[in-house]
Amino acid sequence: MKQIKSYLLSFIGGLLLAVASVNAQEIKPNSIESITVAQQGGVLNVKLVFKEPLTALPPGFSVAKPARIALDFANTANGLGKNSLTFNEGDLKSANIVQAEDRTRLVLNLNQAMSYESTIDGNSLLLSLVPSAKATGAPVVEHFAQSQPTQAANSIRDIAFRRGKDGEARITVDLSDPNAGIDIRQQGQNLVVDFVKVSVPDALRKRLDVTDFATPVVSLNTIQQGGNARMTITPRGLWEHNAYQTDNQFVIEVKPVIENPNKLVQGSRGGYQGEKLSLNFQNVEVRRLLQVIGEFTGMNMVVSDSVGGSITLILKDVPWDQALDIILQQKGLDMRKNGNVILIAPREEIATKEKLEFESKAQIGDLEPLRTESFQLNYQKADAIQKLLTDASQRMLSKRGSAVVDARTNILFVQDTPSRLEDVRQLIAKVDLTVKQVMIEARIVEAGDSFAKNLGMRLGYHDQTGGGGRSHVNVGGSLADTGYHTGQVVDVPKFPLDSDSVNLPATPRAGTAGVFSMILFNRTKTVFLNAEISALEADGRGKVISSPRVMTANQVEALIEQGVEIPYQQATSSGATSVSFRKANLSLKVKPQITPDGKITMTLDINKDTPNTRLSTGAGVAIDTKHVKTEVLVDNGGTVVIGGIYTQETRDNTQRIPFFGDLPYIGWLFKNREWIDDKSELLVFITPRIVAEGLAVR
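Residue numbers (numbering that gives the first Met the number 0): 0 to 697.
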């Protein structure tokens, strides 16, 4: 029977469940009066009798390794008079009752992982335990907490990540209700935490890259899966985890573990985590003591004949791997572990055996006959594998090994010892794999919204009097013909001798301005007043979409372009001129990399050039350039905007005749005015898709 202290130490930093606080003045204290166990068929029944009836089922959790079930009873005392009970009934070995302040925890120690159902019957709590059904190779699920019925919907309010003082990753989840069922299991290299009947807000459904925190955790991904919330923690290296809950806050810690091939139990705190035992021996033989430890742990021990002597040992509540280490250090012994077999011998003897073994392997390698084996490579180049095997800095072949390539058939011939050939075979099986294809589609959208308004005036005054004489009066301008006749006939008077007093017509950027002309003259047609109003209002909207596509292999750069090459003259060193060309292309250069979680990292270089004939010079045509270069991470099939440019041009131009153009009311007869409001926007969209084998991208 183990002491209560050992169980308290084993639960430090372990799995705790929040228990609602109870007002001792309002609720009458309760106590556990008795515990009985009965095996009925495949069901193990445990009956707990209390002083007062329970108002609700107690919260609890179970652990798979070691197999335990823990129940917490609030405002309850231990009325059994003892802290531990031994049953050995079915799969129930024993029970421990620990009272802390106003609550009591019952821990059932099991031979195997079991699930349970609890019901309240008067003053009793009935527990029905059945072995957990697990498929072969299925991950062990630790039911940290069972879901309790609640009226309000439970949700995750916040997720926080921080680095502990010892380099551990600490993930804190704030729940709106503490009565949430939580399951923890290891799935491959990941740690999966399921919150039963818990929702996740959209703002928290995301993947967090926490590599920069220098903890065992690389990333943290939270999603909504049906009615449950799932958190996937991706660690690296050797690690161990602890989880506990305080009120609405659930905390899971992932700590790094330093691997020690000679350690019996990996991932312990303080170096040891074996099951605790107590030893009290006076002058006992070492071989007998090693036999006792072997029987306690179930490990197979092979003890050398040279091990002897006696030892006096008094240990209390010490992990068995620490006790074994103490014995070995005191007697100058060492051990080598292979599976569940431990070899124990003096240090000198083990060192000598290992030295002889290494020398024997080296001699066998020098004398072992060589074999030649051919490897047909399907996806990798044979010469690339040859360079990998024969690299001087990390040579994988023995000093007598060699590799030859047949480029025509892409076959690699390797000559080496059988053990090295097996290593080469495993290496090729890992690297000669199908390369995934990625289809990258870019959409370059140019949208324009232009508005322009022009208003101009042309005004002439002609006065011809004096009978046969030619007395001509102008208001402004010159006598030279300007080509402005306002639609009049050209016989009388002779308008080539006439002129415009005001010549400020509308000057639109495109199109033809509308004209409204008017002539006022006297009865004798000797005095003329010519007026012409020209105006244009233009409103244009346009959209240009360019969509280059390219397919390439994973981690292989691809380029696609379309356009023209514009010639221009360039001076040479001798003083002569030569014709050179400059590209004005729509191009997409991309290098994708598929991440292990199915996302795509892309290094992008997108260029869209168009010739600008309005800015052409004698040296050549100007080129309007739109260029973006970046690196992004996108989900498979997702679309991301990698760049955008928004420009707006607003102008108000006025041309007027001094003084007259500033006159009120009639000033518009002596001026030309232009309003311009142009808007343009450029957006670049990228959509990558992983092409499945045997399928085509539509």
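Cβ atoms here follow ideal geometry from the backbone N, Cα and C, with glycine treated the same way.
These figures come from a predicted structure and were not determined experimentally.
Please name the residue, chosen from Leu190, Asn241, Gly293 and Leu174, that lies closest to Asn247 on a Cα-to-Cα basis. The count along the sequence shown starts at 1 and reaches residue 247 at position 248. The residue with the shortest Cα to Cα distance from Asn247 is Leu174.
Requested in this report: Give the single residue among Leu426, Thr408 and Ser401 whose Cα lies nearest to the Cα of Thr416.
Outcome: Translated into positions along the sequence shown, residue 416 becomes position 417. Closest by alpha carbon: Ser401.
Open item on the list: In the DSSP output, which residue or residues are listed as bridge partners for Gln654?
Closed with: Start at 1 with the first residue of the sequence shown, and residue 654 comes out as number 655. Gln654 pairs with Asn671.
Along the chain, where does the beta strand (DSSP E) containing Ser359 start, and where does it finish? Here residue 359 refers to the residue found at position 360 of the sequence shown. Segment Arg346 to Leu366 is the alpha helix (DSSP H) holding Ser359; no beta strand (DSSP E) there.
Gly562 versus Asn110, Leu128, Val250 and Asn584, residue with shortest Cα-Cα distance
By one-based count along the sequence shown, residue 562 stands at place 563. Comparing Cα positions, the closest option is Asn584.
Exercise for review: Pull up the distance between the alpha-carbon of Val690 and that of Thr594, whole angstroms please.
Suggested key: Looking up residue 690 in the sequence shown gives position 691. Looking up residue 594 in the sequence shown gives position 595. Their Cα atoms are separated by approximately 14 Å.
Taking only three categories from DSSP, how would you classify Phe684?
Here residue 684 refers to the residue found at position 685 when the sequence shown is read from its first residue. Here Phe684 sits in strand by DSSP.
key: Limits of the unbroken alpha helix (DSSP H) element including Lys386   = Locating residue 386 in the sequence shown gives position 387, counting from the first residue. Ala381 to Leu388 is the extent of the alpha helix (DSSP H) around Lys386.
- Query: In whole angstroms, what is the alpha-carbon distance linking Ser679 and Glu556?
  - Reply: As a position in the sequence shown, residue 679 is number 680, starting the count at 1. As a position in the sequence shown, residue 556 is number 557, starting the count at 1. Ser679 and Glu556: Cα-Cα distance of roughly 32 Å.
| said: With H, G and I counted as helix, E and B as strand and the rest as coil, what does DSSP make of Gly642? | reply: Position 643 of the sequence shown, counted from the first residue, corresponds to residue 642. DSSP places Gly642 in strand when its eight states are reduced to three.
Review point. Between Arg104 and Asn74, is the Cβ-Cβ spacing less than 8 Å?
Key: Sequence index remark: in the sequence shown, residue 104 carries index 105 (1-based). Sequence index remark: in the sequence shown, residue 74 carries index 75 (1-based). In this structure, Asn74 does not lie closer than 8 Å to Arg104 by Cβ.
Original post:
What number of angstroms, rounded off, separates the C-alpha of Val578 from the C-alpha of Ser572?
Top reply: The count along the sequence shown starts at 1 and reaches residue 578 at position 579. The count along the sequence shown starts at 1 and reaches residue 572 at position 573. Whole-angstrom Cα-Cα distance: 14 Å.
Restricting to runs no shorter than 3 residues, where is the beta strand (DSSP E) found entirely within the stretch 576 to 624? 576 to 593 and 599 to 616
_Residue interval of the beta strand (DSSP E) (run including Lys336)_ = Position 337 of the sequence shown, counted from the start, is the residue given in the question as residue 336. Unbroken beta strand (DSSP E) run through Lys336: Leu332 to Asn337.
* To do: Please report the residue range of the beta strand (DSSP E) in which Ala73 lies.
  => The residue you call residue 73 lines up with position 74 of the sequence shown. Arg67 to Ala73 is the extent of the beta strand (DSSP E) around Ala73.
Pull up the distance between the alpha-carbon of Ser131 and that of Ser114, whole angstroms please. Reading the sequence shown from its first residue, position 132 is the one you call residue 131. Reading the sequence shown from its first residue, position 115 is the one you call residue 114. Whole-angstrom Cα-Cα distance: 5 Å.
Quiz item: For Lys710, is the classification buried or exposed, using 16 other Cβ atoms within 10 angstroms of its Cβ as the cut-off for buried?
Solution: Look at the range of the chain in this structure, 0 to 697, and you will see that residue 710 is not part of it.
Whole angstroms are fine: how far does the CA of Gln290 sit from the CA of Gln321?
As a first step, residue 321 must be located in the sequence shown, where it is residue number 322. As a first step, residue 290 must be located in the sequence shown, where it is residue number 291. Going by the C-alpha atoms only, they are around 16 Å apart.
Note the first and the last residue of the continuous alpha helix (DSSP H) segment covering Glu421. In the sequence shown, residue 421 corresponds to position 422, counting from 1. Per DSSP, Glu421 belongs to the alpha helix (DSSP H) from Pro417 to Val430.
Could you check the C-alpha separation between Asn671 and Thr649 for me, to the nearest Å?
Walking along the sequence shown from the start, residue 671 turns up at place 672. Walking along the sequence shown from the start, residue 649 turns up at place 650. Going by the C-alpha atoms only, they are around 17 Å apart.
Quick one: what does DSSP say Asp677 is sitting in, helix, strand or coil?
Taking the first residue of the sequence shown as position 1, residue 677 is located at position 678. Here Asp677 sits in strand by DSSP.
Using CA atoms only, rank isn't needed, just tell me which of Asp165, Lys164, Ala152 and Arg169 is closest to Ile158. By one-based count along the sequence shown, residue 158 stands at place 159. When each option's Cα is compared against that of Ile158, the closest is Arg169.
By DSSP's criteria, Gly455 is part of a beta bridge. Which residues make up the other side?
Here residue 455 corresponds to residue number 456 of the sequence shown, with the count starting at 1. Answer by DSSP bridge pairing, in chain order: Ser533.
What does the Cβ neighbour count give for Gly455, buried or exposed, with the cut at 16 atoms within 10 Å? Mapped onto the sequence shown, residue 455 falls at position 456. Answer is buried; the Cβ neighbour count reaches 16.
Give me the residue from Glu630, Lys582 and Ala621 with the minimum Cα distance to Glu560. Residue mapping note: residue 560 aligns to position 561 of the sequence shown, counting from 1. Nearest of Glu630, Lys582 and Ala621 to Glu560, Cα basis: Lys582.
query = Among residues of its own chain, excluding the 5 on either side of Lys493, which ones have a beta-carbon nearer than 7 Å to its beta-carbon?
reply = Within the sequence shown, residue 493 is the residue found at index 494, counting from 1. Reliability fails at Lys493, whose pLDDT of 45 lies under 50, so the model's placement of it is uncertain and no value is given.
Checklist line | Straight-line gap, Ala69 to Val283 (C-alpha atoms, nearest Å) | finding: Counted from its first residue, the sequence shown places residue 69 at position 70. Counted from its first residue, the sequence shown places residue 283 at position 284. Taking the straight line from one Cα to the other gives about 39 Å.
Next on the checklist: Rounding to the nearest angstrom, what Cα-Cα distance links Met0 and Ala94 in this structure?
Outcome noted: The residue labelled residue 0 in the question sits at position 1 within the sequence shown. The residue labelled residue 94 in the question sits at position 95 within the sequence shown. Its pLDDT being 38, under 50, Met0 is placed unreliably by the model, and the measurement read from it follows with that caveat. So the two alpha carbons sit approximately 10 Å from each other.
Every unbroken beta strand (DSSP E) within the stretch 265 to 336, with a cutoff of 3 residues, ordered by chain = 275 to 284, 299 to 302 and 309 to 318
Taking all protein chains shown into account, do 16 or more other C-beta atoms lie within 10 angstroms of the C-beta of Lys354, making it buried, or fewer, making it exposed? For the purposes of this step, residue 354 is identified with residue 355 of the sequence shown, where counting begins at 1. The residue is exposed, with fewer than 16 neighbouring Cβ atoms inside 10 Å.
Cα-Cα separation, Leu56 to Gln188: Mapped onto the sequence shown, residue 56 falls at position 57. Mapped onto the sequence shown, residue 188 falls at position 189. About 35 Å.
Distance, Glu32 Cα to Leu79 Cα:
One-based indexing of the sequence shown puts residue 79 at position 80. One-based indexing of the sequence shown puts residue 32 at position 33. When rounded, the distance between both Cα atoms is 6 Å.
#### Entry: Distance between Pro566 and Leu682 (C-alpha atoms, nearest Å)
The residue you call residue 682 lines up with position 683 of the sequence shown. The residue you call residue 566 lines up with position 567 of the sequence shown. Taking the straight line joining both Cα atoms gives about 30 Å.
**Asked** In its own chain, which residues sit with a C-beta less than 6 Å from the C-beta of Lys133, not counting the 5 before and 5 after it?
**Response** Here residue 133 refers to the residue found at position 134 when the sequence shown is read from its first residue. With a pLDDT of 49 at Lys133, under the threshold of 50, the predicted position of this residue should be treated as unreliable, though the coordinate-derived value follows. There are no such residues.
| field | Test: Phe515 CB closer than 8 Å to a CB of chain C | value | In the structure shown, chain C cannot be found, because there is only a single protein chain.
- With 16 as the cutoff for other CB atoms within 10 Å, does Asn628 come out buried or exposed? For this step, residue 628 is matched to residue 629 along the sequence shown. The residue you asked about is not Asn; residue 628 is Lys in the sequence shown. Looking at its Cβ environment, which holds fewer than 16 other Cβ atoms inside 10 Å, Lys628 is exposed.
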